[in-house]
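Heads up, the thing below is written out as structure tokens.
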Amino acid sequence: GENVEQHPSTLSVQEGDSAVIKCTYSDSASNYFPWYKQELGKRPQLIIDIRSNVGEKKDQRIAVTLNKTAKHFSLHITETQPEDSAVYFCAASILQGQGAQKLVFGQGTRLTINP
Amino acid sequence: SAVISQKPSRDICQRGTSLTIQCQVDSQVTMMFWYRQQPGQSLTLIATANQGSEATYESGFVIDKFPISRPNLTFSTLTVSNMSPEDSSIYLCSALGRGDTDTQYFGPGTRLTVL
Numbered sequence: 001g002e003n004v005e006q007h008p009s010t011l012s013v014q015e016g017d018s019a020v021i022k023c024t025y026s027d028s029a030s031n032y033f034p035w036y037k038q039e040l041g042k043r044p045q046l047i048i049d050i051r052s053n054v055g056e057k058k059d060q061r062i063a064v065t066l067n068k069t070a071k072h073f074s075l076h077i078t079e080t081q082p083e084d085s086a087v088y089f090c091a092a093s094i095l096q097g098q099g100a101q102k103l104v105f106g107q108g109t110r111l112t113i114n115p
Numbered sequence: 116s117a118v119i120s121q122k123p124s125r126d127i128c129q130r131g132t133s134l135t136i137q138c139q140v141d142s143q144v145t146m147m148f149w150y151r152q153q154p155g156q157s158l159t160l161i162a163t164a165n166q167g168s169e170a171t172y173e174s175g176f177v178i179d180k181f182p183i184s185r186p187n188l189t190f191s192t193l194t195v196s197n198m199s200p201e202d203s204s205i206y207l208c209s210a211l212g213r214g215d216t217d218t219q220y221f222g223p224g225t226r227l228t229v230l
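For the protein sequence lines, the chains are A and C, in the order given.
Take this note's numbering: the last position of the first sequence gets the number 115, and nothing is skipped along the way.
Take this note's numbering: the last position of the second sequence gets the number 230, and nothing is skipped along the way.
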């Protein structure tokens, strides 16, 4: 069935350094890949997404890269700050009937930024 | 983006009882979804709430246990029936943003504890 693998499960970096989280997916028909940030006790918040027709997208300190051939995509956070500490989830779209899409989520990465 | 609210935000229930969770979106949306997030875990899709027809359930979830209603394009309910302690979790609804075919926005979640 559809599967999204996310690594690492925990990541600790020094403030100002970069953080990279990687995901692989199984369904070659997936064409939409969002990343969500979830702070403790809060709802998941979309931080960036990428569609299969582009290989990279950047928004200030956050970037996502996509390799469709290898079926993997990555989140890059540069110049990390304490407020970046949270759990990050990747997801991949799966086509349902009648053109509707659902998301399958990775297991999550707990990112800790050390001051 | 869509603004999504849920009621109740949390509840403590006795085993064997049922709880209905409400999800309200501030604009008409095509797709609404219900997820479960167990403590420290990822998001697992329970079902897609279809307007005017029966919900589409994922493997491992059945209508008798998680009946869903979607009477219009802005509202949905999820009932957790005949609850057991294993149903203790956070239940989240989500919706596609207006005019968006991919991006899902999440409600704040309902934290359910079953004693």
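C-beta atoms are modelled at their ideal positions from N, C-alpha and C, and glycine is treated no differently.
Keep in mind the model is a prediction, meaning the values are calculated, not measured.
Assuming proline 8 (chain A) and threonine 109 (chain A) form a contact by the criterion Cβ under 8 Å, report the distance between their Cβ atoms to the nearest whole angstrom.
Numbered from its first residue, the first sequence carries residue 8 (chain A) at position 8. Numbered from its first residue, the first sequence carries residue 109 (chain A) at position 109. The pair is a contact, with the Cβ atoms about 6 Å apart (cut-off 8 Å).
Just by C-beta distance, which residues in the stretch 190-221 of chain C are closer than 8 Å to chain A?
Here the close residues are Leu207, Thr216, Asp217, Thr218, Gln219, Tyr220, Phe221.
Let me make sure I understand the geometry here. Which of A:Ala70, A:Ala100, A:His72, A:Ile48 has the alpha-carbon closest to that of arginine 61 (chain A)?
The residue labelled residue 61 (chain A) in the question sits at position 61 within the first sequence. Comparing Cα-Cα distances from arginine 61 (chain A) to each of A:Ala70, A:Ala100, A:His72, A:Ile48, the minimum goes to A:Ile48.
Would phenylalanine 148 (chain C) count as contacting chain A if we go by Cβ distances under 8 Å?
Locating residue 148 (chain C) in the second sequence gives position 33, where the first residue counts as 1. Chain A contact via Cβ: present.
Using the Cα positions of glutamate 5 (chain A) and valine 229 (chain C), report the straight-line distance between them to the nearest angstrom.
Numbered from its first residue, the first sequence carries residue 5 (chain A) at position 5. Numbered from its first residue, the second sequence carries residue 229 (chain C) at position 114. Rounded to whole angstroms, glutamate 5 (chain A) to valine 229 (chain C) spans 30 Å at the Cα level.
Could you give the C-beta distance for lysine 68 (chain A) and serine 52 (chain A), rounded to a whole number, given that I count them as a contact under 8 Å?
Taking the first residue of the first sequence as position 1, residue 68 (chain A) is located at position 68. Taking the first residue of the first sequence as position 1, residue 52 (chain A) is located at position 52. Between serine 52 (chain A) and lysine 68 (chain A) the Cβ distance is about 6 Å, and since that is below 8 Å, they are a contact.
Identify, in the order they occur along the chain, each residue of the same chain with its Cβ nearer than 7 Å to the Cβ of threonine 78 (chain A), setting aside the five sequence neighbours on each side.
As a first step, residue 78 (chain A) must be located in the first sequence, where it is residue number 78. If we look at threonine 78 (chain A) and ignore the five residues flanking it on each side, its Cβ neighbours are Ser18, Arg61.
In the DSSP output, what is threonine 192 (chain C) paired with across the bridge?
Taking the second sequence and counting its residues from 1, the one referred to as residue 192 (chain C) is at position 77. Answer is C:Gln137, C:Ser184.
Can you tell me the Cα-Cα spacing of aspartate 84 (chain A) and lysine 37 (chain A), whole angstroms?
On the first sequence, residue 84 (chain A) is found 84 positions in, with the first residue counted as 1. On the first sequence, residue 37 (chain A) is found 37 positions in, with the first residue counted as 1. Computed Cα separation, rounded: 9 Å.
For the structure I just gave you, are there three or more beta carbon pairs, one from the stretch 182-190 of chain C and one from the stretch 160-167 of chain C, closer than 8 Å?
Segments in contact, yes.
Does DSSP classify proline 82 (chain A) as helix, strand or coil?
Within the first sequence, numbered from 1, the residue matching residue 82 (chain A) stands at position 82. DSSP places proline 82 (chain A) in helix when its eight states are reduced to three.
Does any residue of chain E have a CB that is nearer than 8 Å to the CB of tyrosine 32 (chain A)?
Among the protein chains in the structure shown, which are A and C, there is no chain E.
Excluding the 5 residues preceding and the 5 following isoleucine 178 (chain C) in the sequence, name in chain order all residues of the same chain whose CB lies nearer than 8 Å to its CB.
Stepping through the second sequence from its first residue, residue 178 (chain C) is reached at position 63. Result list for isoleucine 178 (chain C): Glu169, Ala170, Tyr172, in chain order.
Put glutamate 15 (chain A) into one of helix, strand or coil per three-state DSSP.
Your numbering for residue 15 (chain A) matches position 15 in the first sequence. The answer is coil: DSSP assigns glutamate 15 (chain A) none of H, G, I, E or B.
Which of the three DSSP states is assigned to glutamate 5 (chain A) in this structure?
Here residue 5 (chain A) refers to the residue found at position 5 when the first sequence is read from its first residue. Glutamate 5 (chain A) falls in the strand class under three-state DSSP.
May I have a chain-ordered list of the beta strand (DSSP E) segments no shorter than 3 residues that lie completely inside the stretch 17-102 of chain A?
Taking only runs of at least 3 residues, the beta strand (DSSP E) segments lying wholly in the stretch 17-102 of chain A are 19-25, 32-38, 45-51, 56-59, 62-67, 72-77, 86-95.
Under 8 Å, with one C-beta from each stretch per pair, do the stretch 23-34 of chain A and the stretch 118-132 of chain C reach the 3-pair mark?
They do not touch, by the three-pair rule.
If contacts are defined as beta-carbon pairs under 8 Å, then isoleucine 119 (chain C) and phenylalanine 221 (chain C) qualify, I think. What distance do you get, rounded to the angstrom?
Against the second sequence, residue 119 (chain C) aligns to sequence position 4. Against the second sequence, residue 221 (chain C) aligns to sequence position 106. With a Cβ gap of about 7 Å, isoleucine 119 (chain C) and phenylalanine 221 (chain C) count as contacting.
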